[in-house]
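First residue of the sequence shown? That's 459 in my numbering, and the numbers climb one at a time after it.
The beta-carbon is built from N, C-alpha and C at its ideal position, and this holds for glycine as well.
Note that this is a predicted model, so its numbers are computed, not measured.
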Amino acid sequence: MAKKISAPEARSAIVKAPPKKAVKPKAVEVESPSISSELEGVVEPSRMVVSYLTVDSRMDDKPITVHFSTKEQPGPLFEDIVDDSEEPGARNIDIPLDYLTSAMGFTLLVSYIGTSQGQAAASRVKEVGISFYPASESEELAPRLLHEKIVHNTPTYDMHDHTGDETVLVPVTPLAKKGDKVYCTAVTEQDAIPYTFYTVVYGHVLTEEEAVAGHVLKFFIARGWLARRKPWRSITLQSAWITSGLPAEPPADVDPHLETRLPANALEIQHRRTATLIVAPGLDLPPPHLRQSVNYNDGWCLNPELTKEGGDVDVPGLATCAGDRVCFFVSGPGYAKKPLGCVAIEHDGDPASVKLSACIVACLFNKSMTLIYTLAFNESEQSSPAQDISVPVPQFTHPNIEEATNGTVDLNTFTGPALATVPVWAYAECSNLCWMWISGEHDDGSAYRYDILLDEPVTDDWKAKGVGVSVPRAELQKMADCSTFELHFATSFCEANGLQSAHEFPAQAFKIEQKPLDLSKPSVTEAVGDDLTVWNGRDGVHVEVDYVGISSQHTVTVCWMQPDGSCLPLAAQPGSDAGPVRFFMPREAVIESIGKTVKITYTVATACKVQTSPPLNLKISKPTRVPTPVVEQATPRATQYGILDLGTFAGNALITVEKWWFALKGSLVWLKCTGIKREGGSHTFYVINGRPLTDTEARDGLSETLNRSELQLLKHDSPLTVTCITSQNSNEFGNEAVVFPVLNLILKRALICQQERFESLPLGTFGVGSSIQTDLMKITFESGSGLAGIVNYGNDEYYSGKHFVMCENSDHQIPPQLHRFDFSRELESVRFSWAWKQRPATVTFYDRTGNVVQEQTYSDDWRGGFWVELVTSPGTAVAWMTVLVQDYSFIDNFSMCYRE
């Protein structure tokens, strides 16, 4: 590719040109270019800036392509330059400065092609030498020692003037560019062949920041190399540059007196600065270094995980020379100084390094390791500063119990002993003795320890495969259930033989789970087996818990199952080392379960398990010591089959029940009465229907009103039962309901007698179909002829005042009269007077359903008067009656009795 110059006024603008086409065979040959900076066929650095070439004056105004190359090969490569400034004739074309500096030390070949008079034209080739900096400029470009001084008009370098390495100052050349490479060597002891050389720098590539005229590069000569030199000799610095970008070639094979050890293709700075060398033979030795250690918190520390296979000891920064002998040593507290090995240096700069065995590291765990070395040269020996390195204990493996699952040793999962193991650990091959033990606690909380291994030599098998030993099952069973124990392991290294000097591995914690407890069912002190007579629990009962292995470390909770399925709230208690644990159940718990079977269990909680016992199904009897209800108005009082006569008292009756020992506030109570309805059939009504007992009632007993209205519904002279029931739930008929003894009574209704003399009725008669009404009866003229009604007629014991007349003024009424008397009450007895009856008559009594109670026929002539009377048998009552009469007669003075 080629560079392109676009216009005369912008000759520095360079672009790539299209590929160069082959020159036509008949191209016109024109003159070679002339170069502005050339002087006698050479371009010196001082003339290179703003160089240009001039083409033949016959060239047209078409583009011109300039080609650059070097006569010597290999050489730097250049891109073609295309000038399209369209200037005809001898135009000037700029030459890039980096083309010239890259060609320093080469013969530059320059030619161009274009058109002349319309024909292709090619120039002859221009050869011009490109020189490096001449001797006149090289003194300022020559390297020099920083501490060089003039002593007695002689340049002198005295090592005593400073410490550390010596600095070499290398000036950068005026036309240096990025990518140029610099080389510098020092030579001394030139009194004998071979000379002694030191490479100060070899192939340093200039950066853009360094490629500045006047910039000075700084390199160093190791003080150790200088200190090893023979005294009172000279030291010479020589430098060279490669500006072409080509790789360095090996030094030229020259006479030893001319040897520089600079690349054969490097351009040497002609001036070489020489100074007298005054040697300070003492070496400033750096301390040795364990390659696996690091500087941490102002001290050196080793991670022993990195030296399991041993370590590497070397000396970073130690400038070695051929013939040196470096010997390394290690020591530590309680560990005598021991050689690690020596290294003979064959070539300058060879590193010195030895191995550090893993067992030496192991001997110094938790101690400080001290490393030193000696350096012998020229029949002298010098010791280095010590390097102290802290050696911690490595991360040892955890011991383990093979039968453990997720950290728990469960004796239910295996039989026989357990197997304690320790995997192969770091530095195992260096171990001496070992110890293994278990630490835990007994059931009572006291400390427990069992030594599995004691001062046991570490066998080769253990070193190769790890430790595996049995732990007796009996020892594991001594530890508290669900407690935590630790498995320990320790080993000693080197000659250490006591546990106090051994290194303990991280302990491994386990939980021990013993076999489950064999729990028996609880017992109740007041019960016989699983039967409790409720009277024996009237003050509460005691649940007793006892089982094999009971311990004060256990927590025991009792569940007395309540009727609603929940457990009675009870505080947990610790187990006992001396015997059973007793829990008190209050009387309320017993009473609530009267007539039921109570499930009683207990739960034992240890440190890691919870077990529940088999249940005691306690059957609680129903109480027998219970009172009988009393109706206070019955006679005799509190007597079976006494009489409750409603006629002996007014208002309501009163039922009482003495307090019973198992009464609880909130218990449900029923108080019911059962009798026979007046019209027949059983009738039950509740005085109390499933009502909770009040606190007063639970303390003092019941006292409840028995409504008279309910009693009046019952049949006279019928049985009446009074029953009291109590229960803890809403079912009065449930198995757990307690039915008190029944009170049996005979109910008698009150007898009320009233009279009717018709005095309130107006006088007057009426015919068939009419009726009259009083408070006690209604009289209806149902059939017959003639008149009937209320009249005043006689005045004796059978009739007086107003009375009821039948068949008025008729001696023989045809057809006869039939009168119906409807009573306002059902009567147990009825009596009335009848006067002036002479012909046969009939009185018929009926009950409420129309059945005839009794029929009385009066055929005699009883005109003087008589009494009609009916007293019903028990259970029978008269609701109405009829009178069939044929003659003029009178009825009066009704006396009627009925039950309330």
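Whole-angstrom distance between P1038 and L1076, CA atom to CA atom: Here residue 1076 refers to the residue found at position 618 when the sequence shown is read from its first residue. Here residue 1038 refers to the residue found at position 580 when the sequence shown is read from its first residue. Between the C-alpha atoms of L1076 and P1038 there is a straight-line separation of about 19 Å.
S464 to I539 span [Cα, whole Å]: Numbered from its first residue, the sequence shown carries residue 464 at position 6. Numbered from its first residue, the sequence shown carries residue 539 at position 81. Note that S464 has pLDDT 37, beneath the 50 cutoff, so the model's placement of it is unreliable and the number below is only indicative. Rounded to the nearest angstrom, the gap between the Cα atoms of S464 and I539 is 10 Å.
Status (buried if at least 16 other CB within 10 Å, exposed otherwise) for R931: Within the sequence shown, numbered from 1, the residue matching residue 931 stands at position 473. Under the 10 Å beta carbon count, R931 is surrounded by fewer than 16 other beta carbons and is classified as exposed.
Separation of V849 from L725, as counted between CA atoms: In the sequence shown, residue 725 corresponds to position 267, counting from 1. In the sequence shown, residue 849 corresponds to position 391, counting from 1. Going from the Cα of L725 to the Cα of V849 covers about 54 Å.
Helix, strand or coil at Q1344 according to DSSP, with G and I counted as helix: Residue mapping note: residue 1344 aligns to position 886 of the sequence shown, counting from 1. In this structure, DSSP gives Q1344 a state outside helix and strand, which the three-state scheme calls coil.
Helix, strand or coil at E424 according to DSSP, with G and I counted as helix: With the chain running from 459 to 1358 in the structure shown, residue 424 is simply not present.
Member of A561, L911, V1068, K607 whose CA lies at the smallest distance from the CA of F590: For this step, residue 590 is matched to residue 132 along the sequence shown. Measuring from the Cα of F590, the nearest candidate turns out to be A561.
Beta-carbon contacts of S692 that lie in its chain and below 8 Å, excluding the five residues immediately before and after: Taking the first residue of the sequence shown as position 1, residue 692 is located at position 234. For S692, where only same-chain residues beyond five positions count, the Cβ hits under 8 Å are T646, Q648, T732, A733, T734, L735.
Classification of V609 by the beta-carbon crowding that lies within 10 angstroms, buried from 16 upward: Taking the sequence shown and counting its residues from 1, one reaches residue 609 at position 151. By the neighbour-count definition (other C-beta atoms within 10 Å, threshold 16), V609 is an exposed residue.
Inter-residue spacing [alpha-carbon to alpha-carbon] between V1089 and T1179: Start at 1 with the first residue of the sequence shown, and residue 1089 comes out as number 631. Start at 1 with the first residue of the sequence shown, and residue 1179 comes out as number 721. Taking the straight line joining both Cα atoms gives about 10 Å.
Per-residue burial, Q1091 [other beta carbons within 10 Å of its own, 16 or more giving buried]: Here residue 1091 is taken as the residue at index 633 of the sequence shown, counted from 1. By the 10 Å Cβ count, Q1091 comes out buried.
Cα-Cα separation, P1081 to V1197: For the purposes of this step, residue 1081 is taken as the residue at position 623 of the sequence shown. For the purposes of this step, residue 1197 is taken as the residue at position 739 of the sequence shown. Their backbone Cα atoms lie some 9 Å apart in a straight line.
Meets three-Cβ-pair contact criterion under 8 Å: the stretch 508-526 and the stretch 565-578: The stretch 508-526 is in contact with the stretch 565-578.
Nearest neighbour of E887, chosen from W993, A922, K639 [CA to CA]: Locating residue 887 in the sequence shown gives position 429, where the first residue counts as 1. Measuring from the Cα of E887, the nearest candidate turns out to be A922.
When Q1170, R681, P1298 are compared against R1136, the one with the closest alpha-carbon: Taking the sequence shown and counting its residues from 1, the one referred to as residue 1136 is at position 678. Ranked by Cα distance from R1136, the options Q1170, R681, P1298 are led by Q1170.
Sequence-distant residues of the same chain with beta carbon closer than 6 Å to Y908, five excluded per side: Within the sequence shown, the letter at position 450 stands for residue 908. Excluding residues within five positions, the ones whose Cβ falls inside 6 Å are I896, E933.
Nearest-angstrom Cα separation, counted from H525 out to P714: Position 256 of the sequence shown holds residue 714. Position 67 of the sequence shown holds residue 525. Looking at the backbone, the Cα of P714 and that of H525 are separated by about 41 Å.
Assigned secondary structure, Y793 (DSSP; H/G/I helix, E/B strand, else coil): Residue 793 sits at position 335 when you count from the first residue of the sequence shown. Residue state, collapsed to three classes: strand.
Residues of its chain near P1274, where Cβ-Cβ distance is below 8 Å and the 5 sequence neighbours each way are ignored: As a working mapping, residue 1274 is identified with position 816 in the sequence shown. Same-chain partners within the cutoff: G1242, C1265, L1342, V1343, Q1344.
Beta strand (DSSP E) segment containing G1133, residue limits: In the sequence shown, counting from the first residue as 1, residue 1133 sits at position 675. 1126-1134 is the span of the beta strand (DSSP E), which, as asked, contains G1133.
Classification of I1113 by the beta-carbon crowding that lies within 10 angstroms, buried from 16 upward: For the purposes of this step, residue 1113 is taken as residue 655 along the sequence shown, with counting starting at 1. Flag for I1113 reads buried.
Rounded Cβ spacing between S527 and L555 (contact assumed at less than 8 Å): For this step, residue 527 is matched to residue 69 along the sequence shown. For this step, residue 555 is matched to residue 97 along the sequence shown. The Cβ separation is near 18 Å, so there is no contact.
Bridge partners - K1438, DSSP secondary structure assignment: Beyond the ends of the chain as shown, which are 459 and 1358, falls residue 1438; an answer cannot be given.
C1017 - partner residues in DSSP beta bridges: In the sequence shown, counting from the first residue as 1, residue 1017 sits at position 559. Answer is T1059.
Beta-carbon proximity check, P1044 vs F963, cutoff 9 Å: As a working mapping, residue 1044 is identified with position 586 in the sequence shown. As a working mapping, residue 963 is identified with position 505 in the sequence shown. No; because the gap between Cβ atoms is not below 9 Å, this pair is not in contact.
Under the three-state DSSP convention, the category H715 falls into: As a working mapping, residue 715 is identified with position 257 in the sequence shown. Helix.
D846 - containing beta strand (DSSP E), residue span: The residue labelled residue 846 in the question sits at position 388 within the sequence shown. Run containing D846: 845-849, per the beta strand (DSSP E) assignment.
A1068, buried or exposed, once every other Cβ within 10 Å from all chains shown has been counted against 16: Taking the first residue of the sequence shown as position 1, residue 1068 is located at position 610. Reading off the sequence, residue 1068 comes out as Val, not Ala. V1068 should be labelled exposed.
Complete runs of the beta strand (DSSP E) confined to the stretch 977-1059 [at least 3 residues]: Counting whole runs of 3 or more residues, the stretch 977-1059 contains the beta strand (DSSP E) stretches 999-1003, 1013-1018, 1039-1043.
Backbone CA spacing between T832 and G682 [nearest angstrom]: Mapped onto the sequence shown, residue 832 falls at position 374. Mapped onto the sequence shown, residue 682 falls at position 224. Between T832 and G682, the alpha-carbon positions lie close to 14 Å from each other.
Which listed residue (W1294, H946, A680) has its alpha carbon closest to that of Y1257: Position 799 of the sequence shown, counted from the start, is the residue given in the question as residue 1257. In this structure, W1294 is the residue among W1294, H946, A680 with its C-alpha nearest to the C-alpha of Y1257.
Straight-line gap, E585 to S490 (C-alpha atoms, nearest Å): The sequence position of residue 585 within the sequence shown is 127, counting from 1. The sequence position of residue 490 within the sequence shown is 32, counting from 1. Taking the straight line joining both Cα atoms gives about 9 Å.
Distance between L695 and K482 (C-alpha atoms, nearest Å): Counted from its first residue, the sequence shown places residue 482 at position 24. Counted from its first residue, the sequence shown places residue 695 at position 237. Note that K482 scores 48 on pLDDT, short of 50, meaning its location in the model is unreliable and no value can be drawn from it.
For T1302 and E1327, the rounded distance between their alpha carbons: For the purposes of this step, residue 1327 is taken as the residue at position 869 of the sequence shown. For the purposes of this step, residue 1302 is taken as the residue at position 844 of the sequence shown. Straight-line spacing of the CA atoms in E1327 and T1302 works out to 11 Å.
3-residue-minimum beta strand (DSSP E) runs that sit fully inside the stretch 568-608, ordered along the chain: If we require 3 residues or more, the beta strand (DSSP E) runs fully inside the stretch 568-608 come out as 577-581, 584-588.
Bridge-paired residues (DSSP) for I818: For this step, residue 818 is matched to residue 360 along the sequence shown. DSSP lists no bridge partner for I818.
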